[in-house]
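Structure first, then comments.
In UniProt numbering, the protein residues as written are 1 to 389.
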């Protein structure tokens, strides 16, 4: 067992900049949790179209814009990070996120979701490049687990807080707080160091990498398709059962508790134990949770199966990410990570397009839960794992 004191002893060795990455990530998690965890529902409530169907399609289309932008600017963002340093990628990601909050406050939705593509791209591309180039294979799981637990502890209450603000205050107050938090989260990125120049990336490089790593493509595709269903589509479905912001905030806060424990225990364990076994357990839990949500559609059932999802997701997600970082260490890191991010964006775009089709033909949203259950098994396509697998 790991005490809170030992958990908070951030690294002070030659990778001391990891401390600042931890701080930046934790603050960003707080911003994302407050401003964006309930955003699909906020958009649904504040941009009602003629019918529920039209409103759902409208909300999904906004996110589709973000992920399409992110797909096509991937090489540009990687080349900026490779040339000027990962520090500036993380900084630009946070600056862009602040601009997104300002645009959303002013209901400039199309510019906001275009900018969100850059904000997500800069932050996560630089983040994954860091783990793919600077963190040793032997400590990837430990660092992912610690960072995941810290982020969850920080962000655990944010859905509750944002739900409370949305219930008792105005949307302007909600976005003003989001903008202030986002500005604060920029500061730690200034203390990160630069990095040695990395290889530049083109669409041709990404295509070649995908041909060499077909199994990795399906692994990341499955992770991402399940994730976008959980982040965007699932909250919209839940809003029809829990019809106020405070109830939704309480719901998402409670289900975060179990995941914190799993991240704490799993992080160090993953570096020296079979990833395949843990991943199978995680896939089983995630798949069960999605099928459960199809057949038991009431608040208690949703809570039980979302808790199963929360407990299983670290087992489902962390082994695959650790494998990806290990592969990045053995490849040209910037090209491999660009391929990884491209696979993720293709999955998110495909999932949102399917969701729009499902809504257009008046099929139930639960069809997407069944799809999520099946794509969650794709990471198991890996038949060969690297060291410590």
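Idealized CB from N, CA, C, for every residue including glycine. Computed from a predicted model, the values in this text were never measured in an experiment.
If the five residues before and after residue 228 are omitted, its C-beta is found closer than 6 Å to the C-beta atoms of 348, 351, all from its own chain and listed in chain order.
Between residue 199 and residue 334, the beta carbon gap of about 5 Å places them in contact (Cβ cut-off 8 Å). Beyond the five residues adjoining it in sequence on each side, residue 91 comes within less than 6 Å, by CB distance, of 189 in the same chain, given in chain order. Between the beta-carbon of residue 377 and that of residue 163 there is about 33 Å, and that puts the pair past the 8 Å contact cut. Here residue 173 has 165 as same chain residues with Cβ atoms under 8 Å from its own Cβ, once five neighbours each way along the sequence are excluded. Counting the other Cβ atoms within 10 Å of the Cβ of residue 169 gives fewer than 16, which makes it exposed. In this structure the region 76 to 85 lies against the region 110 to 129, because at least three pairs of beta carbons, one per stretch, are closer than 8 Å. Residue state for residue 199 is assigned as coil, using DSSP reduced to three classes. If you look at residue 355, you'll find it in the alpha helix (DSSP H) that goes 333 to 360.
Between the region 40 to 58 and the region 226 to 241 there are three or more inter-stretch CB-CB distances shorter than 8 Å, so the stretches are counted as touching. Spatial neighbours of residue 294 in its own chain (CB-CB distance under 7 Å, excluding positions within 5 residues in sequence) are listed in chain order as 366, 369, 370.
Taking residue 52 as reference, the option from 374, 328, 336, 359 with the minimal CA-CA separation is 359. Residue 216 and residue 276 have their alpha carbons spaced roughly 14 Å apart.
The beta carbon of residue 186 sits closer than 8 Å to the beta carbons of 91, 94, 95, 98 from its chain, once the five residues preceding and following it are set aside; these are given in chain order.
Residue 231 has its alpha-carbon roughly 18 Å from the corresponding atom of residue 299. For the options 127, 102, 219, the alpha carbon positioned closest to that of residue 87 is the one of 127. Under the three-state reduction of DSSP, residue 108 is assigned to coil, being neither helix nor strand. Note on residue 22: 16 or more other CB atoms within 10 angstroms of its CB, so buried under the neighbour-count rule. The continuous alpha helix (DSSP H) containing residue 67 extends over residues 52 to 84. Residue 69 is positioned such that its CB atom lies closer than 9 Å to that of residue 116. Here DSSP, grouped into helix, strand and coil, assigns residue 296 to coil. Close CB contacts of residue 345 within its chain, under the 6 Å cut and outside five residues either way in sequence, are with 67, 70, 71 (chain order).
By alpha-carbon distance to residue 30, the top candidate from 182, 338, 303 is 182.
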